[in-house]
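Notes to accompany the following structure.
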Amino acid sequence: MNIAIDGPAGAGKSTIAKKVAKELGSIYVDTGAMYRAMALFLIDNKIDPHDENRISSKCREADITIAYQDGVQRVYLNGTDVTDHLRTEDVGNMASVASANEALRAKLVELQQKLAASTPVVMDGRDIGTVVLPHAELKIYLTASAHVRALRRYNELLEKEDRDGGLPDLARIEADIISRDERDMNRAVSPLKKADDAVLIDSSDMTIEEVTAQIVQLARQEGQNA
Ligand code: DC
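Counting from 1169, one number per residue, gives the positions in the sequence shown under my numbering.
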């Protein structure tokens, strides 16, 4: 069974998708990390994120692959493991802008579809239920209010030991989240939107465990009906 989980940044997709995959014995695929690896490549090559032609040709030179170490996804960019360099605001913002590029998306979608064809996956992203796996047995659209998502990110940053002094700026984080949503939902190619047959879950007032349990239950029901 393939499960697609889409939703905006900070809704808890990756944490929950990982737990669901573990419970069901599937592989977790974080497609955002692939877009982030591509963004890192573009940043390293000083490509303007709005230069569509440059991105379309340059992305052909980026070979992105994924592998699993102790069940954890590692992302390789031209043979180098870049997993630990992907979760910065700069890389996230570049990924959000550059992911509007059609050629770049086509390349990553192909990789994602190959993975899902080879093994049962729980895959999270923005266009999994709508474009990558339109026939997934279960589709979830996971969201939460922008304020709750900003607070979660704020708390995550507070816990980081390598924070260089000062408190994170909650208002800025929320503004960033809102503009990222805006870009992800309004781009011409594969915008973030709920697939018609996706189950909507608003996690604003739910714990990670509650959301995980709900998705696992839906997956088991789906398995019984198949
Ligand atoms: O989920 P994330 O924050 O790691 O994703 C980073 C960016 O990549 C996000 O702003 C939009 C883009 N993305 C996408 O366009 N399609 C996906 N399937 C996954 C991510």
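Idealized CB from N, CA, C, for every residue including glycine.
(request) Buried or exposed for Val1240, please, with buried defined as at least 16 other CB atoms from any protein chain shown within 10 angstroms of its CB. (result) exposed
(request) Name the two residues that bound the continuous alpha helix (DSSP H) containing Ile1308. (result) Element bounds for Ile1308: not the alpha helix (DSSP H) but the beta strand (DSSP E), Leu1306 to Thr1311.
(message) Going by C-alpha to C-alpha distance, which of Glu1270, Tyr1196, Ala1314 and Gly1334 sits closest to Asp1238?
(response) Tyr1196
(message) I'd like the list of long-range same chain contacts for Val1316, defined as Cβ closer than 7 Å, with 5 residues on each side in sequence excluded.
(response) Ser1372
(message) Let me check you understand the geometry: is the CB of Asp1295 closer than 7 Å to at least one non-hydrogen atom of ligand 1?
(response) yes
(message) Are there any heavy atoms of ligand 3 lying less than 7 Å away from the beta-carbon of Gly1180, as far as the coordinates show?
(response) Summarising the ligand content, the structure contains ligand 1 and does not contain ligand 3.
(request) Have a look at Ala1177, Met1169 and Ile1173 and flag the residue whose alpha-carbon is nearest the alpha-carbon of Ile1345. (result) Ala1177
(message) By alpha-carbon positions, which one of Thr1233, Leu1326, Gln1281 and Lys1328 ends up nearest to Met1206?
(response) Looking at the Cα atoms, Thr1233 is the closest of the given residues.
(request) Rounded to whole angstroms, what's the CA-CA distance from Ile1210 to Arg1294? Just pull it up for me. (result) Ile is not the amino acid found at residue 1210; the sequence shown has Leu there. Roughly 20 Å separates the two Cα atoms.
(message) Just to confirm before moving on: does the CB-CB distance between Ile1383 and Gly1180 stay below 8 Å?
(response) At the C-beta level, Ile1383 and Gly1180 stay beyond 8 Å of one another.
(message) With three or more beta-carbon pairs closer than 8 Å as the criterion, would you say the stretch 1183–1199 touches the stretch 1342–1361?
(response) no
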